[in-house]
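**Student:** Sending over a structure as structure tokens; questions will come in a sec.
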């Protein structure tokens, strides 16, 4: 026998952790063979700062702040301030 481990990160404002864990359990029990045993536990919760989230998103999903349209642009902000 071998033990296989998988890491799943879910990022959201609020989330029913036990509900998500139960959904994963249900999916595994429906799709894996009967002789396979799986254990699913809700893990830790890490609070992200806005910048921390953007860094995580870029590293894990490959979506940069510029691609997502939420990059800070100090030059643009200064220009808008001067024009006002």
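Numbering (our numbering), first residue to last: 8 to 91. Idealized CB from N, CA, C, for every residue including glycine.
1) Is residue 17 near residue 27, with beta carbons less than 8 Å apart?
2) For residue 35, report the span of its alpha helix (DSSP H) as first-last.
3) Run through DSSP, which three-state label would residue 9 get?
4) Give me the residue from 68, 52, 13 with the minimum Cα distance to residue 20.
5) Over the uninterrupted alpha helix (DSSP H) stretch that includes residue 61, give me the two end residues.
6) Between 58, 48, 54, which has its C-alpha nearest residue 25's C-alpha?
7) At the level of alpha carbons, what is the spacing between residue 64 and residue 78?
**Tutor:** This is what the structure holds:
1) yes
2) 24-38
3) coil
4) 52
5) 57-68
6) 48
7) 12 Å
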